[in-house]
Amino acid sequence: MEVIRLDGRHLREMADLEQLCFPSDPWPALLLASALGGEGVLALGFCREGRLWAAALGRLAADEAELHSIAVHPARQGEGWGRRLLLEFLAEVRARQGRVVWLEVRASNEPAQRLYHRAGFTATGRRPRYYSDGEDALLFCLKLDNDLD
Ligand SMILES: CC(C)(COP(=O)(O)OP(=O)(O)OC[C@H]1O[C@@H](n2cnc3c(N)ncnc32)[C@H](O)[C@@H]1OP(=O)(O)O)[C@@H](O)C(=O)NCCC(=O)NCCS
């Protein structure tokens, strides 16, 4: 797998990954397009033989970054690609002078929470009924001075 920067050319494949990985609330292609074209965008993926297998999308504003979404194709989940992509994302934030990373995750999403804990994130809050189906979000934060990688 090769790590690549994602842009508008990858929109269709990113939207397909969203559908596969977040079937109940995927980011619509229009929102993805706007995020990809936005200021401070951080968008990385893993590609093999021209096919996108994993994507991470976020934004950097001043020295704070937000990770909006990280998704690994279901056929490749549990093989370490999510962890590798998260570490690439954090390296990119650090290279662009980011100091803090925030993200929200579904309270029921244990694999993702394990991934974030292992990368050094800590849960710092809870947003009740954050998602459209009423599920709570947990707020995670990583100060890049203190991470573990
Ligand atoms: C969450 C996700 C990005 C993790 O990527 P991944 O490549 O599958 O995960 P990795 O192989 O790098 O493993 C990371 C951790 O998640 C755990 N994990 C991965 N898939 C799992 C599964 N299906 N069930 C339980 N744990 C799982 C691994 O055990 C590992 O934890 P460990 O280091 O303590 O062993 C990926 O599973 C995914 O795309 N899920 C659907 C979308 C999603 O929930 N995204 C995150 C919310 S923003």
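Start counting the sequence shown at 9; every next residue gets the next number (the working numbering).
Note that beta-carbon positions come from the ideal geometry of N, C-alpha and C, so glycine has one too.
Predicted model only: the values in this text are computed from it and were never measured.
Pick out whichever of L14, D15, A145, R92 has its Cα sitting closest to the Cα of L111. Comparing Cα positions, the closest option is A145.
Run the proximity test for G45: is its beta-carbon closer than 7 angstroms to any non-hydrogen atom belonging to ligand 3? Among the ligands in the structure shown, ligand 3 does not appear; only ligand 1 can be found there.
Would the stretch 84-93 count as touching the stretch 31-40 if we require 3 or more Cβ pairs under 8 angstroms? With contact defined as three or more Cβ pairs closer than 8 angstroms, the stretch 84-93 and the stretch 31-40 are not in contact.
Here's the rule: buried if 16 or more other CB atoms are within 10 angstroms of the residue's CB, otherwise exposed. What is A79? Buried, since its Cβ has 16 or more Cβ neighbours within 10 Å.
Look at the Cβ atom of L65, then the Cβ atom of E96, and state whether they are nearer than 8 angstroms. Cβ distance not < 8 angstroms, so L65 and E96 don't count as in contact.
Leaving aside the five residues before and after G16 along the sequence, list all residues of the same chain whose C-beta is less than 8 angstroms from its C-beta, in chain order. Answer for G16: A41, L44, G45, listed in chain order.
If L147 sits next to R135, beta carbons under 8 angstroms apart, how far is it from one beta carbon to the other, in whole angstroms? So it is a contact: roughly 6 angstroms between Cβ atoms.
How many angstroms separate the CA atom of G58 from the CA atom of H18? Looking at the backbone, the Cα of G58 and that of H18 are separated by about 11 angstroms.
Own chain, CB closer than 7 angstroms to L28, minus 5 neighbours either side, in chain order: The beta carbon of L28 lies closer than 7 angstroms to those of H81, P82 in the same chain, with the five residues before and after it left out.
Quick check: the Cα distance between E10 and G88, rounded to an integer number of angstroms? Their Cα atoms are separated by approximately 14 angstroms.
Alpha carbon of D153 to alpha carbon of R107, nearest angstrom: Cα to Cα, D153 sits roughly 7 angstroms from R107.
Only counting runs of 3 or more residues, tell me where the beta strand (DSSP E) segments fall wholly within the stretch 51-108, in order along the chain. Runs found: 59-69, 72-80.
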